[in-house]
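The next block holds one structure in the form of structure tokens; read it before the comments.
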Amino acid sequence: MKIIPLALFSLAAFGFAGCTPTDPPSDFGKDTDRPTGGLTVIRDTPSNSGDVIGSRNDTANAFKLFNQETGEWDPRAVVTVVYFGFDKYSVGAEEQSKLVAVAKNQRLIVAGYADYFGTDQYNQGLSDKRAQSVRDYLVTSGHGDASIEKQAFGKYYAKARGTRAEVARDRRVVVVNADYKPNP
0 MKIIPLALFS LAAFGFAGCT PTDPPSDFGK DTDRPTGGLT VIRDTPSNSG DVIGSRNDTA
60 NAFKLFNQET GEWDPRAVVT VVYFGFDKYS VGAEEQSKLV AVAKNQRLIV AGYADYFGTD
120 QYNQGLSDKR AQSVRDYLVT SGHGDASIEK QAFGKYYAKA RGTRAEVARD RRVVVVNADY
180 KPNP
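Position one of the sequence shown corresponds to residue 0 (numbering that gives the first Met the number 0), numbered consecutively onward.
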């Protein structure tokens, strides 16, 4: 008779083991290689022609705002930065207030990033989902769908090591004013 309770306890413990939150790998913070290979960026530009972010002039301006070596945007063009939890892509309640303050008459670029945990392919998809989540929130808040370009960088620009707080800053979406014109 004691075997049945022990078996039930073992089964329950095994079941709960799969329900624990996803934690960083055991080598968290140790030196690891940065991603190799070329930069793969998912770009989702509006399909309308004319005065949209995806037009030739706007794309040229966006490249002036973005440093391809560091993955950083011109800080004067950054409207806000939305942060995400580990392995999350839904915009949290505390981050939504940042998006409410975004002016509705701006054309925007939403650029998603991920930390270095996981495969290149997984993080590319996760950063795309993060950017899409921010884009969806902005559209439901009154921004026009055609005024927002989405980009996803995956873990390409993630820090290869650091403290938990430093690595957490890689899990973000940067919202950029696409109309910002830097001085020549």
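The beta-carbon is built from N, C-alpha and C at its ideal position, and this holds for glycine as well.
Computed from a prediction, not measured in an experiment: that's the story for all the values here.
Range covered by the beta strand (DSSP E) that runs through residue i
i	result
Y88	Y88 -> no beta strand (DSSP E), and no H or E assigned at all.
Identified DSSP bridge partners for residue i
i	result
N66	E71
V101	Paired residue(s): none; V101 is not in a bridge.
R171	Y82
V77	V175
Alpha helix (DSSP H) segment containing residue i, residue limits
i	result
S126	119-139
Distance between beta carbons of residue j and residue i, contact taken as under 8 Å
i	j	result
A157	A130	Contact flag wrong, Cβ pair sits at about 15 Å.
L64	V173	So it is not a contact: roughly 10 Å between Cβ atoms.
V81	V90	6 Å
Three-state secondary structure (DSSP) of residue i
i	result
R106	coil
R163	helix
A145	helix
Is the segment 133-142 close to the segment 66-78, with three or more CB pairs under 8 Å? no
Inter-stretch contact (C-beta, 8 Å, three-pair minimum) for the segment 120-130 and the segment 97-105: no
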